[in-house]
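Okay, structure first, notes after.
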Amino acid sequence: MLRPDVRVDRLEQVTPDLLRSLGVRNALLDLDDTLVASDRDDAVADAPLTVERLKEAGFGVAILSNGKPERVARAADLLGVPGVALAGKPFGWAFRRALAMLPGAVPANTAMVGDQLFTDVLGAKRAGLVTVLVRPLSEGKLLHTRLARRLERMILEEH
Numbered sequence: 011m012l013r014p015d016v017r018v019d020r021l022e023q024v025t026p027d028l029l030r031s032l033g034v035r036n037a038l039l040d041l042d043d044t045l046v047a048s049d050r051d052d053a054v055a056d057a058p059l060t061v062e063r064l065k066e067a068g069f070g071v072a073i074l075s076n077g078k079p080e081r082v083a084r085a086a087d088l089l090g091v092p093g094v095a096l097a098g099k100p101f102g103w104a105f106r107r108a109l110a111m112l113p114g115a116v117p118a119n120t121a122m123v124g125d126q127l128f129t130d131v132l133g134a135k136r137a138g139l140v141t142v143l144v145r146p147l148s149e150g151k152l153l154h155t156r157l158a159r160r161l162e163r164m165i166l167e168e169h
């Protein structure tokens with residue numbers, strides 16, 4: 011459950027070709043430390059380009075974040091995609107809420123792209139989604155995130 015289907019170093023590596031090779035046509039994107047560093051308030055340079063490439067290739071795209079509504083709404087507006095804030099990952103209902111925002115999206119044809127094993131990967135796997143783990147953009151703003159990152163590194167080294 012903690013082994014992602016694919017690991018990438020940068021968001022820009024999440025291409026339409028990669029997602030097609032995984033058999034998906036929709037992508038749920040985490041916000042903090044996946045699209046935007048958690049300690050910054052602006053989008054990273056490659057996030058708009060990556061999202062635009064996916065949309066142009068016909069992928070359904072939405073943001074699924076445990077982040078604050080204002081932050082998620084700002085990013086969703088900037089990227090032109092729907093977003094779910096205070097989602098409740100890793101619980102299954104969080105993923106179902108996001109899937110409902112994308113026409114035709116079901117777990118089997120959707121990938122969760124995120125930076126955390128215990129929220130993005132574990133939750134998405136339990137909900138039946140394909141998982142793409144991105145190297146985090148920062149160590150995390152919150153203490154519990156920084157502690158989780160240490161544990162994640164140990165788990166990932168074992169695989």
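Under the numbering used here, the sequence shown is numbered contiguously, ending at residue 169. Heads up, the beta-carbon is just placed ideally off N, CA and C, and yes, glycines get one too. Note that this is a predicted model, so its numbers are computed, not measured.
Near residue i, what residues of its chain come up, given a Cβ to Cβ distance below 6 angstroms and the 5 sequence neighbours on each side ignored?
| i | result |
| --- | --- |
| Ile165 | Leu12 |
| Thr44 | Gly124, Asp125 and Val144 |
| Met122 | Leu38, Asp130, Ala134, Leu139 and Thr141 |
Taking only three categories from DSSP, how would you classify residue i?
| i | result |
| --- | --- |
| Gly133 | helix |
| Gly114 | coil |
| Gly124 | strand |
| Gly33 | coil |
| Val144 | strand |
| Gly70 | strand |
| Asp42 | strand |
| Val82 | helix |
| Arg50 | coil |
| Arg17 | strand |
| Gly93 | strand |
| Pro100 | coil |
| Val61 | helix |
| Asn76 | coil |
| Leu139 | coil |
| Leu109 | helix |
Using 10 angstroms around the beta-carbon of residue i, count the other beta-carbons present and answer buried if the total reaches 16, otherwise exposed.
| i | result |
| --- | --- |
| Leu64 | buried |
| Arg20 | exposed |
| Gly124 | buried |
| Val144 | buried |
| Ala104 | buried |
| Ala67 | exposed |
| Asp49 | exposed |
| Asp40 | buried |
| Ala118 | exposed |
| Leu29 | buried |
| Glu162 | buried |
| Ser31 | exposed |
| Leu127 | buried |
| Glu157 | Checking the sequence shown, residue 157 turns out to be Leu, not Glu. Exposed. |
| Gly114 | exposed |
| Val116 | exposed |
Enumerate in chain order the residues of its own chain whose CB-to-CB distance from residue i is below 7 angstroms, with the five nearest sequence positions on each side excluded.
| i | result |
| --- | --- |
| Leu112 | Asn36, Gly70 and Ala72 |
| Pro79 | Ala95 and Leu96 |
Could you name the residues of the same chain whose beta carbon sits closer than 8 angstroms to that of residue i, not counting the 5 residues immediately before and after it, in chain order?
| i | result |
| --- | --- |
| Gly102 | Gly133, Arg136 and Ala137 |
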